[in-house]
Amino acid sequence: MVAGSAAGAGQVGRYASPNPGSVNTLWLRTSAGLLVVDTGRSLTDARQAVAAIRRTGQPVAAILITHPHPDHVGGIGVLHQAFPTAPVYASQATVAVMRTDPLGYYDQTRALPHSDYAARLTLPDHVVAPGATVDVGGTQVRTAEFGAGESSDATVYYVPATGDLFVGDLVSNGATPALIEGHTCGWLGELDQVQARFPQAVTLHPGHGGPGRPADLIARQRSYLHQFRELVRAAIAPASPGGATVTPAEQDSIIAVIERNHPGYPPVATLPDLQRANIKAVAGELATTNPAAEPAACRDA
């Protein structure tokens with residue numbers, strides 16, 4: 001689905017792949033051409049994004065990668081072939097994960113039914129140093145790099161000239177996020193840092209779902225994470241039915257509450273039973289942490 005096109009300077013276009021697992025490829029028009037952010041999951045989706053980008057009639061000045069999850073890097077090869085002169089930027093941490101696939105995510109994605117995933121990933125060719133400002137044809141792009149949270153690492157891109165903030169999967173708008181890496185506390189801290197470091201941002205562009213006011217989307221994501229953590233923490237309490245183990249019935253109850261409070265949220269990933277995997281990961285995280293010692297950002301109400 002094409003949800004927009006870059007018709008004028010400062011406008012952001014979006015190709016959102018179909019659900020389940022819809023993911024954004026975004027582009028911002030600048031005087032030097034388009035800044036493309038992330039490349040989608042499948043080869044087919046990347047080709048659809050290329051077609052949408054070409055309809056703008058603008059050259060691609062650069063491709064920016066926010067993090068190494070399969071649904072954001074799988075289309076790099078397709079976009080690089082379509083726009084061979086455009087440099088592809090990512091952090092050293094993202095490049096390292098793409099080289100080694102330490103969690104096996106790329107192989108898992110290739111093994112999914114009807115998978116159309118790249119047999120071999122195309123690596124970014126320009127490394128962004130932590131906190132560096134990237135100059136793309138005179139357009140300044142400020143960056144911030146984060147550690148383990150939604151993913152093993154993440155890079156946020158901010159364009160001061162337009163107020164556009166691209167955060168990858170640190171925020172999902174109206175979608176069920178992947179909590180499977182078990183770093184929700186780090187994620188909550190990163191949301192606070194993004195808000196503090198880019199207070200002048202006008203529009204936040206998430207990795208999944210549509211854009212919005214930064215304060216609104218960050219608050220919504222923060223609330224979702226806190227609620228999920230509270231539900232799982234109660235389920236692993238000593239007095240709970242399963243004790244430290246979240247029973248199937250408790251899983252069902254957690255999922256029912258989340259779905260009631262966040263109706264119609266499609267999953268960000270095509271993984272089977274994403275919410276049960278989320279519960280398992282968060283339970284493992286909370287079981288090894290002392291709530292009293294957690295940073296303020298992680299203290300659930």
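Going by the UniProt record's numbering, the sequence shown opens with residue 1, and the numbers climb by one from there. Don't be surprised by glycine CBs; every beta carbon is placed ideally from N, CA and C.
**For residue 288, three-class secondary structure by DSSP** = coil
**Request:** Tell whether a beta-carbon distance below 9 Å holds between residue 242 and residue 230.
**Result:** no
**Asked** Is it right to say residue 113 is buried, meaning 16 or more other beta carbons lie within 10 angstroms of its own, or is it exposed?
**Response** exposed
**Item:** Whole-angstrom C-beta distance between residue 151 and residue 208, which should lie under 8 Å
**Value:** Actually they are not in contact, since the Cβ atoms of residue 208 and residue 151 sit about 13 Å apart, beyond 8 Å.
**Item:** C-alpha distance - residue 51 paired with residue 189, whole-angstrom precision
**Value:** 37 Å
**Prompt:** Hey, residue 41 and residue 74: beta-carbon distance below 9 Å or not?
**Reply:** yes
**Message:** Applying the 10 Å Cβ sphere with the 16-neighbour rule, what's the burial state of residue 304?
**Reply:** Here the chain covers residues 1 to 301 and nothing more, so residue 304 does not appear.
**Request:** Buried or exposed for residue 216, please, with buried defined as at least 16 other CB atoms from any protein chain shown within 10 angstroms of its CB.
**Result:** exposed
**Asked** Near residue 160, what residues of its chain come up, given a Cβ to Cβ distance below 8 Å and the 5 sequence neighbours on each side ignored?
**Response** Excluding its 5 nearest sequence neighbours in each direction, residue 160 has C-beta neighbours in its own chain below 8 Å: 140, 142, 200, listed in chain order.
**Request:** Report yes if the CB atom of residue 232 is closer than 9 Å to the CB atom of residue 286, and no otherwise.
**Result:** With respect to residue 286, residue 232 sits close: the two C-beta atoms are nearer than 9 Å.
**Asked** The alpha helix (DSSP H) with residue 186 in it runs from where to where?
**Response** Residue 186 -> alpha helix (DSSP H) spans 184-197.
**Request:** Please state whether DSSP places residue 2 in a helix, a strand or coil.
**Result:** Bear in mind that the predicted position of residue 2 carries a pLDDT of just 40, short of 50, making it unreliable; the figure below should be weighed with that in mind. In the structure shown, residue 2 sits in a strand (DSSP, three-state: E or B).
**Prompt:** Quick one: what does DSSP say residue 246 is sitting in, helix, strand or coil?
**Reply:** coil
**Message:** Looking only at its chain, what residues have a beta carbon closer than 7 Å to the beta carbon of residue 122, apart from the 5 residues adjacent to it on each side?
**Reply:** Counting only Cβ-Cβ distances below 7 Å, and skipping sequence neighbours, we find 76, 77, 80.
**Request:** In angstroms with no decimal places, state the Cα-to-Cα distance between residue 130 and residue 144.
**Result:** 6 Å
**Request:** Locate the alpha helix (DSSP H) running through residue 223, then write down its first and last residues.
**Result:** 214-235
**Asked** Three-state secondary structure (DSSP) at residue 24?
**Response** It is a strand residue.
**Asked** With 16 as the cutoff for other CB atoms within 10 Å, does residue 127 come out buried or exposed?
**Response** exposed
**Request:** Would you list, in sequence order, the uninterrupted beta strand (DSSP E) runs of no fewer than 3 residues that lie entirely inside the region 97-175?
**Result:** 126-128, 133-136, 139-146, 154-159, 164-172
**Asked** Under a Cβ-count criterion, where at least 16 other Cβ atoms within 10 Å of its own Cβ denotes burial, should residue 214 be classed as buried or exposed?
**Response** buried
**Residue interval of the beta strand (DSSP E) (run including residue 206)** = 203-208
**Prompt:** Which two residues bound the contiguous alpha helix (DSSP H) that contains residue 299?
**Reply:** Careful: residue 299 lies outside any alpha helix (DSSP H) and carries neither H nor E.
**Request:** Find the nearest neighbour of residue 61 within the set 45, 166, 35, judged by alpha-carbon distance.
**Result:** 35
**Message:** Quick check: residue 26 and residue 205, are their CB atoms within less than 9 Å of each other?
**Reply:** yes
**Asked** What's the C-alpha gap between residue 227 and residue 221?
**Response** 10 Å
**Message:** So if DSSP puts residue 29 in a beta bridge, which residue, or which two residues, is it bridged to?
**Reply:** 34
**Asked** Between the C-alpha atoms of residue 237 and residue 136, what's the straight-line distance to the nearest angstrom?
**Response** Rounded to whole angstroms, residue 237 to residue 136 spans 51 Å at the Cα level.
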